[in-house]
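Quick note on the working numbering: the sequence shown kicks off at 5 and runs consecutively.
Every residue, glycine too, gets a C-beta built ideally from N, C-alpha and C.
Take a look at the structure below.
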Amino acid sequence: MKPKHFFILLFAISNLFKYFISEYEKCVMIGYGGYSGFWYYYSNLQKSYILDKNIYCYSAGCLATVASIQHNNYDSLIRMVKTLKNKYNNNEIDRFDIRNEFIYEISQKVTDIKYYNINILTSSYYGNCNIIRPINKKQLIDALNMTSSVPFFTSKLDISKNIDGFFCLNKYPKCKEKLTMPNSLYFYINILNHNINDEDISYIMNL
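Here is the structure:
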């Protein structure tokens, strides 16, 4: 084999590996986890400050990230959750409204989202990934509603809007740091528990 052909082959193989094995990026990925995931990630974010980093998130990971920004705190979150639970138990809102109102409340307290490098993953119904970096409250609320939307479970079916970034099949960043769900049965059985109580929250936050 001539040297020229050897280097062409080497270049081709190198590019092939880069195609299949993506390099790790300097970012933090925070994933899904439903109601229990929100409290688990929120607890971790209180222990280790990462809001100054390049963050990629989807689903509960994004809600926990936004809830960790200034003016949101644990006491206000608990009060908010209790208010929403009472409204749900009194049939004032349905289970889909719980998510929508919670997102609205935590987003309203954020005054400077454009200064944070928070990249929110959303997916089309075909798995096409769209990454949103919100610069105002409206964009933030819209992105959070999409990335936490799992039709029939957390939202109504609407094929005109993107859904949870968990379903992304392309443009998926590979971060050096990751926050993932713990291996806990207690955690998993509370993922879709919209009526999660104080004891559940306390237990999950200490996993």
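Distance between residue 132 and residue 174, taken at the CA atoms: about 6 Å.
Distance from the CA atom of residue 56 to the CA atom of residue 120, rounded to whole angstroms, is 7 Å. The alpha-carbon separation between residue 82 and residue 129 amounts to approximately 33 Å.
Remark: three or more beta-carbon pairs, one from each stretch, lie closer than 8 Å, so the segment 41-52 and the segment 175-189 are flagged as touching. The closest CA to that of residue 117, considering only 104, 208 and 148, is found on 148. Taking the Cα of residue 78 as reference, the smallest distance to any Cα among 43, 190 and 135 is reached at 43. In the DSSP assignment, residue 126 falls within the unbroken beta strand (DSSP E) covering 122-127. Judged by DSSP in its simplified three-state form, residue 185 adopts coil rather than helix or strand. As the crow flies, the alpha-carbon of residue 114 is around 32 Å from that of residue 188.
Minimum Cα-Cα distance from residue 143 among the listed residues 153, 161, 124 and 154 corresponds to 124. By the criterion of a C-beta distance shorter than 7 Å, residue 157 is surrounded in its chain by 196, once the five residues flanking it on both sides are discounted. Just so you know, the alpha carbons of residue 76 and residue 53 end up roughly 15 Å apart.
For secondary structure counted as the alpha helix (DSSP H) over 4 or more consecutive residues, the segment 25-90 holds these complete runs in sequence order: 38-51 and 64-71. In the three-state reduction of the DSSP assignment, residue 104 falls in the helix class, which pools H, G and I.
Comparing alpha-carbon positions, the option among 92, 166, 178 and 109 lying closest to residue 126 turns out to be 166. Closest in alpha carbon position to residue 107, among 35, 190, 32 and 69, is 69. In the DSSP annotation of this structure, the continuous segment of the beta strand (DSSP E) that includes residue 134 starts and ends at 133-136. A residue is called buried once 16 or more other Cβ atoms fall within 10 Å of its Cβ, and residue 72 is buried on that count. One alpha carbon belongs to residue 66, the other to residue 102, and they sit about 16 Å apart.
Cβ atoms of residue 191 and residue 36 stay farther apart than 8 Å, at about 12 Å.
In terms of Cα proximity to residue 172, the closest of 162, 160, 104 and 153 is 153.
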